[in-house]
Amino acid sequence: MDRDAKAAASRAASAVADAGSWLATPALPALVAAFARDAADHALVRDLERRSGGVTARLARLDAFTDRWDTRRGRERHQALPLTLTGEQERLALAAARALGLCGGTGPRHGRYDHLLILGGTIRGCLLRTAHAARLLDSGRVTADRVTALGGHRPFSGDEREVAAAVGAPHLDEEYAALDFVTRSAFRLGGAGAAARVEGERSPLVGGTWGVRHYRTARGTPVRVAAAPSGEPGRRRAHTADTYAFFARHLAELGPGDRVLAVTSAVNVPAQHAAAVRMLTLPHGAEVDTVGSPPDAAPAALARPPAAADFLLEIRSAVRSLRRLCAAAAPAGAAADGGAAKAGPTETGVTETGVTGTGVTETGVTETGVTEAVPPAASVAASAEGREAPEAAGGSPAGRPTSR
4 MDRDAKAAAS RAASAVADAG SWLATPALPA LVAAFARDAA DHALVRDLER RSGGVTARLA
64 RLDAFTDRWD TRRGRERHQA LPLTLTGEQE RLALAAARAL GLCGGTGPRH GRYDHLLILG
124 GTIRGCLLRT AHAARLLDSG RVTADRVTAL GGHRPFSGDE REVAAAVGAP HLDEEYAALD
184 FVTRSAFRLG GAGAAARVEG ERSPLVGGTW GVRHYRTARG TPVRVAAAPS GEPGRRRAHT
244 ADTYAFFARH LAELGPGDRV LAVTSAVNVP AQHAAAVRML TLPHGAEVDT VGSPPDAAPA
304 ALARPPAAAD FLLEIRSAVR SLRRLCAAAA PAGAAADGGA AKAGPTETGV TETGVTGTGV
364 TETGVTETGV TEAVPPAASV AASAEGREAP EAAGGSPAGR PTSR
């Protein structure tokens, strides 16, 4: 095995091992037990507690179990239906969210990064994430050679138009326009006409249109705002993995050891970090850290603290994305899995293949516009600057979302 192959195998094994660490978090079987209905559910609780069976097998069973928490059914996160919970279930959901890294943690590990990525989402998310990224740079906490805001063309839904009007931008009606607007504001880039270069392609297909607007800060740092195309134009809009793939293919020349800092919301750190490991670390060798905007940093007009049901949805997303990550790591990660790694899920349950020479190949039906999930809690946890993370299973810090 040559040096590159050994490095790739090591990255894959680390990804599977981290998934196992996340599954070993004690709060997880306690949460599952609170929703157990039959003997199979209780057997899952025992196997999570004892770490019985391969990592991929336990993830598959947990994935099926968490279907009872899915109140989205293809809708956007902020359009999920209510989920009736007991007081004890709410308590355990919040405890698990903290332990699994969805409630904030530590800040960036390094002072310098090759790339700083700001992940798009609802207009609330776009506003808070770009503001946090700008604070990290303005304060000198980190430096970055390049800044890229990554999103897609998604029409507003729910109360997003009202939020846009409340922040003085009633003309906004979709994610990419909102991401461009808030990025220009946070980094003081000027008006829409300040872009030094605009590129892209229009398509009549859903998810087929893409675009990139190129700016520079007053200090000369390149800032790009990108709308990625879907990996399946005509079937769905771009999801998180698509945006990472577009970044790696079109906007960056990632190589082993390149440092990437991704900024998102604390509740989404596990989900989006695992996707970054799958799309940027496994195929390219990039070192990825993921941090969240501090949960208590939102102004009153934008504050929308996650409820217990929201955390359950994100834990489900974490499980599903960990399965994708383990599938992408196969067969190199099979030893860490305790056996042959199996294919992971897509959002509709159809499996996908693993890594090709240029990245992850996804087959069958893929996600229905849902962003993806989780870094393992031991080396991958939710992160909000300035906060110390709780301890995860086995004494590993649950506050450092990072790829190896």
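Residues in the sequence shown are numbered consecutively from 4, following the working numbering. By construction, the Cβ of each residue, glycine as well, lies at the ideal position given by its N, Cα and C atoms. Fair warning: this is a prediction, and the values are worked out from it, not measured in the lab.
Nonlocal neighbours in the same chain, by C-beta distance under 8 Å from residue i, ignoring five residues either side
i	result
Leu-254	Thr-151, Val-215, Arg-227, Ala-229
Arg-240	Gly-155, His-156, Arg-157, Val-209, Gly-210, Ser-233, Gly-372
Presumed contact (8 Å Cβ cut-off) between residue i and residue j, rounded CB distance
i	j	result
Ala-167	Ile-126	6 Å
Val-266	Ala-136	4 Å
Residue of the options minimising C-alpha distance to residue i
i	options	result
His-113	Arg-54, Ala-330, Pro-85, Val-263	Val-263
Thr-220	Trp-213, Ala-189, Pro-236, Gly-234	Ala-189
Cys-106	Ala-27, Asp-313, Gly-90, Ala-136	Asp-313
Arg-132	Ala-60, Ala-289, Ser-268	Ser-268
Val-139	Leu-119, Ser-24, Ala-279	Per the sequence shown, residue 139 should be read as Leu rather than Val. The residue with the shortest Cα to Cα distance from Leu-139 is Leu-119.
Val-145	Tyr-116, Ala-199, Arg-164, Asp-21	Tyr-116
Gly-104	Ala-277, His-287, Arg-6	Ala-277
Gly-171	Phe-184, Ala-8, Ala-98, Ala-43	Phe-184
Arg-327	Gln-275, Val-294, Gly-295, Gly-223	Gln-275
Pro-149	Thr-224, Leu-51, Glu-178, Lys-9	The displayed chain sequence assigns Arg, not Pro, to residue 149. Measuring from the Cα of Arg-149, the nearest candidate turns out to be Thr-224.
Arg-53	Pro-207, Ala-304, Leu-88, Gly-23	Gly-23
Exposed unless 16 or more other CB atoms sit within 10 angstroms - verdict on residue i
i	result
Gly-108	buried
Gly-82	What sits at residue 82 in the sequence shown is Gln, not Gly. It is exposed - the Cβ of Gln-82 has fewer than 16 other Cβ atoms within 10 Å.
Ser-142	exposed
Thr-186	buried
Ala-195	exposed
Val-201	exposed
Glu-365	The pLDDT assigned to Glu-365 is 29, lower than 50, so where the model puts this residue is not dependable; a value taken from the coordinates is nonetheless given after this. Label assigned to Glu-365: buried.
Pro-273	buried
Arg-281	buried
Asp-21	buried
Ser-17	buried
Gly-110	buried
Asp-5	exposed
Residues near residue i by beta carbon distance below 6 Å, same chain, minus five either side
i	result
Ala-96	Ala-311, Phe-314, Leu-315
Thr-69	Arg-319, Val-322
Arg-64	Leu-47
Ala-181	Ile-126, Cys-129, Leu-175
Asp-340	Val-19, Gly-57, Val-58, Thr-59
Leu-26	Arg-61
Simplified DSSP assignment, three categories, for residue i
i	result
Ser-324	helix
Glu-178	helix
Asp-148	strand
Thr-267	strand
Ser-24	helix
Arg-138	helix
Pro-158	strand
Leu-257	coil
Thr-186	helix
Leu-153	strand
Glu-202	strand
Ser-296	strand
Leu-283	helix
Glu-235	coil
Cut-off 7 Å between Cβ atoms - residues of its own chain near residue i, not counting five sequence neighbours on either side
i	result
Ala-231	Leu-153, Gly-155, Trp-213, Ala-241, Asp-245, Thr-246, Phe-249
Residue i at chain C interface by Cβ criterion, 8 Å
i	result
Phe-250	No chain C appears in the structure shown, which is made up of a single protein chain.
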